[in-house]
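Okay, so here's the structure we're looking at.
Residue numbers (the working numbering), protein chains in the order written: chain A, 46 to 477; chain B, 1267 to 1358.
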């Protein structure tokens, strides 16, 4: 097996398929190489597909074409202890009008659809193929080999969209040989089967409306949080942990997930459901400071492979950044192809386009957020403080009441310390 | 959810040739062994009695947690499975 293409895209996730689609539409002969049996087979995520301005430009009817589940009309945050929880939710009328602000999706369906759109535009899909080595000829990138197979795929330029660990970027010398656990998180998720009517009734939803909720305080002090999403007829319930915190905690992701599922208020949300699938994936959470070299001679890096993930603590964005980076990577490769210049300098438009876009601008803007989120108090003491405070406000037992400020300061003093409260407030304000 | 029953609700097409190979003699000298508790699929087991690490790749979810938390360079091989093998998510 030895075939020649004008470009090879490694990985048929949102970044890779967007790149292949862009190049194929411009008439380039592009190979889209995927290690799964089908695109999306290896992928999972926290659950929300936000607005996709770049894909909406490619497909004006994106929201009708893509395989989506429910649109999110209700978003909540819950501060949680072992037996109490304090929640706030926003249900905005505007969230129920198109263009919708976000959808739940299944990655094995969504990623497969996007890759098929790239194929429909003329890209060659090569599944069941794990890229092994980069082939060089006269010092220049000439293609890749496939693990366990003889022969190679030839092309003068590669788009490395092979995901968070990107061995392609590593082998091209663009990312560091090892990762810092402080910049990585692992997500685990349970998919829970539940009839559609039950979900609608339980969470107050009609038509295709969906509910998304984040949780803080559900990780037994490990830095991280929880998430919950409604699909049409299933629920996604997951936890995310910072690896630097998890690895020294002695706690396991599945025990913590079980405890989360058994927390009394969460147990009521999922009761009557049946576990369908358990999954796990890494998330590059280091932000701007984690981004590798984006461009090398004959190669550009996109999506999770380039750590293009924005975890601010309020939102977790990745697919939209991946997809946009894939599109501009495709545009840069098209320009390099037309100029027949695949050197780093010839591909440098990619970096420029990315820097001018929301992708790098947002990551720069929230550059300090990852550090702020390394504050252990956020994950245990603050949720406890919130729950204690709210409980004390609502508890009526015949004794004279202290005023609210006094009560708040009392909860804060007990759980967090007033100095910490001030310092953390300042740090949060600075990073957001 | 019982992690022992991972094969009951997540699908795998297991390759006989492991995609991760561990030099377990290095693990014996590790002061942390964060892989044991961090792996979401419980692929790593440390026996205090035998002072020995055991690794099984069968239920590996290919997440990369062990690759990131290991600070001993204990892997003689860490790569993704051959195309078509490994974990197969259906609808997550």
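We treat Cβ as the ideally placed atom computed from N, Cα and C, and that holds for glycine. Remember, predicted model here, so these are calculated numbers, not experimental data.
Determine the contact status of residue i and residue j, defining contact as a CB-CB distance below 8 angstroms.
| i | j | result |
| --- | --- | --- |
| residue 107 (chain A) | residue 101 (chain A) | yes |
| residue 1300 (chain B) | residue 157 (chain A) | no |
| residue 60 (chain A) | residue 370 (chain A) | yes |
| residue 331 (chain A) | residue 215 (chain A) | no |
| residue 259 (chain A) | residue 304 (chain A) | no |
| residue 219 (chain A) | residue 337 (chain A) | yes |
| residue 388 (chain A) | residue 199 (chain A) | no |
| residue 356 (chain A) | residue 394 (chain A) | no |
| residue 374 (chain A) | residue 64 (chain A) | yes |
| residue 213 (chain A) | residue 176 (chain A) | yes |
| residue 1307 (chain B) | residue 1327 (chain B) | yes |
| residue 137 (chain A) | residue 77 (chain A) | no |
| residue 1310 (chain B) | residue 1332 (chain B) | yes |
| residue 203 (chain A) | residue 379 (chain A) | no |
| residue 179 (chain A) | residue 79 (chain A) | no |
| residue 1360 (chain B) | residue 1351 (chain B) | With chain B represented from 1267 up to 1358, any question about residue 1360 (chain B) goes unanswered, as that position is not in the structure. |
| residue 154 (chain A) | residue 85 (chain A) | yes |
| residue 497 (chain A) | residue 224 (chain A) | The requested residue 497 (chain A) is not part of the displayed model; chain A covers only 46 to 477. |
| residue 325 (chain A) | residue 232 (chain A) | yes |
| residue 147 (chain A) | residue 117 (chain A) | yes |
Please classify residue i: is it buried, with 16 or more other beta-carbons within 10 angstroms of its beta-carbon, or exposed?
| i | result |
| --- | --- |
| residue 467 (chain A) | exposed |
| residue 191 (chain A) | buried |
| residue 205 (chain A) | buried |
| residue 230 (chain A) | buried |
| residue 234 (chain A) | buried |
| residue 412 (chain A) | exposed |
| residue 99 (chain A) | buried |
| residue 135 (chain A) | exposed |
| residue 279 (chain A) | buried |
| residue 1291 (chain B) | exposed |
| residue 441 (chain A) | exposed |
| residue 152 (chain A) | buried |
| residue 450 (chain A) | exposed |
| residue 340 (chain A) | buried |
| residue 362 (chain A) | buried |
| residue 1339 (chain B) | exposed |
| residue 1358 (chain B) | buried |
| residue 124 (chain A) | buried |
| residue 347 (chain A) | buried |
| residue 1303 (chain B) | buried |
| residue 445 (chain A) | exposed |
Return the chain-ordered list of same chain residues with a C-beta closer than 6 angstroms to the C-beta of residue i, the five sequence neighbours on each side being excluded.
| i | result |
| --- | --- |
| residue 409 (chain A) | 333 |
| residue 439 (chain A) | none |
| residue 104 (chain A) | 110 |
| residue 429 (chain A) | 126, 460 |
| residue 122 (chain A) | 133, 259 |
| residue 1324 (chain B) | 1280 |
| residue 1313 (chain B) | none |
| residue 366 (chain A) | 353, 404 |
| residue 1320 (chain B) | 1311 |
Excluding the 5 residues preceding and the 5 following residue i in the sequence, name in chain order all residues of the same chain whose CB lies nearer than 7 angstroms to its CB.
| i | result |
| --- | --- |
| residue 70 (chain A) | 166 |
| residue 1354 (chain B) | 1277, 1278, 1279 |
| residue 321 (chain A) | 236, 237, 238, 279 |
For residue i, collect the residues of the same chain with a Cβ closer than 8 angstroms to its Cβ; drop the 5 residues on either side in sequence, then sort them by chain order.
| i | result |
| --- | --- |
| residue 364 (chain A) | 59, 90, 94, 95, 97 |
| residue 269 (chain A) | 230, 284, 285, 286, 287, 290, 291, 424 |
| residue 552 (chain A) | An answer regarding residue 552 (chain A) cannot be provided, because it is not within the stretch 46 to 477 covered by chain A. |
| residue 315 (chain A) | 237, 239, 280, 282, 306 |
| residue 242 (chain A) | none |
| residue 185 (chain A) | 201, 342, 343, 387 |
Can you check DSSP and say which residues form a bridge with residue i?
| i | result |
| --- | --- |
| residue 1278 (chain B) | B:1353 |
| residue 119 (chain A) | A:136, A:256 |
| residue 1313 (chain B) | B:1318 |
| residue 337 (chain A) | BP columns for residue 337 (chain A) are empty, so no partner. |
| residue 130 (chain A) | A:125 |
| residue 181 (chain A) | A:186 |
| residue 197 (chain A) | A:47, A:190 |
| residue 355 (chain A) | A:362 |
| residue 344 (chain A) | A:203, A:341 |
Quick one: which residues of the segment 133-157 of chain A get their C-beta closer than 8 angstroms to a C-beta of chain B? List them in chain order. Taking 8 angstroms as the Cβ-Cβ cut-off against chain B, the residues of the segment 133-157 of chain A that qualify are 151, 152, 153, 154.
Contact residues within the segment 177-193 of chain A, judged by C-beta distance below 9 angstroms to chain B: Of all residues in the segment 177-193 of chain A, those with a C-beta nearer than 9 angstroms to a C-beta of chain B are 177, 191, 192, 193, reading in chain order.
Between the segment 1269-1283 of chain B and chain A, which residues of the former have CB atoms less than 7 angstroms from a CB of the latter, in chain order? For the segment 1269-1283 of chain B, which is checked against every Cβ of chain A, the residues closer than 7 angstroms are 1269, 1272, 1275, 1276.
Please name the residues in the segment 315-334 of chain A whose beta-carbon is closer than 7 angstroms to at least one beta-carbon of chain B, in chain order. Taking 7 angstroms as the Cβ-Cβ cut-off against chain B, the residues of the segment 315-334 of chain A that qualify are 320, 321, 322, 323, 324, 325, 326, 327.
Interface positions of the segment 1322-1341 of chain B facing chain A (Cβ-Cβ less than 7 angstroms), listed along the chain: Using a CB distance below 7 angstroms, the part of the segment 1322-1341 of chain B facing chain A consists of 1327, 1328, 1329, 1330, 1331, 1333, 1334, 1335, ordered along the chain.
Proximal residues, the segment 281-303 of chain A versus chain B, C-beta separation under 9 angstroms: Under the 9 angstroms Cβ criterion, the segment 281-303 of chain A contributes 281, 286, 288, 289, 291, 292, 293, 294, 295, 296, 297, 298, 299, 300, 302, 303.
Could you please tell me which residues of the segment 82-97 of chain A, in chain order, have their CB closer than 8 angstroms to any CB of chain B? Those would be 82, 85, 86, 87, 88, 89, in chain order.
Residues in the segment 231-243 of chain A with C-beta within 9 angstroms of chain B's C-beta atoms, listed in sequence order? Near chain B, meaning a CB-to-CB distance below 9 angstroms, the residues of the segment 231-243 of chain A are 231, 232, 233, 234, 235, 236.
Counting only Cβ-Cβ distances shorter than 9 angstroms, please list the residues of the segment 205-216 of chain A near chain B, keeping chain order. Legend: CB atoms of the segment 205-216 of chain A lying less than 9 angstroms from CB atoms of chain B belong to residues 207, 208, 209, 210, 212.
At a CB distance below 8 angstroms, what residues from the segment 1344-1356 of chain B approach chain A? Give them in sequence order. Flagged, chain order: 1345, 1346, 1347, 1348, 1349, 1350, 1352, 1353, 1354, 1355, 1356.
Beta carbons nearer than 9 angstroms to chain A: which residues of the segment 1301-1321 of chain B have them? Answer set for the segment 1301-1321 of chain B: 1301, 1302, 1303, 1304, 1305, 1306, 1307, 1308.
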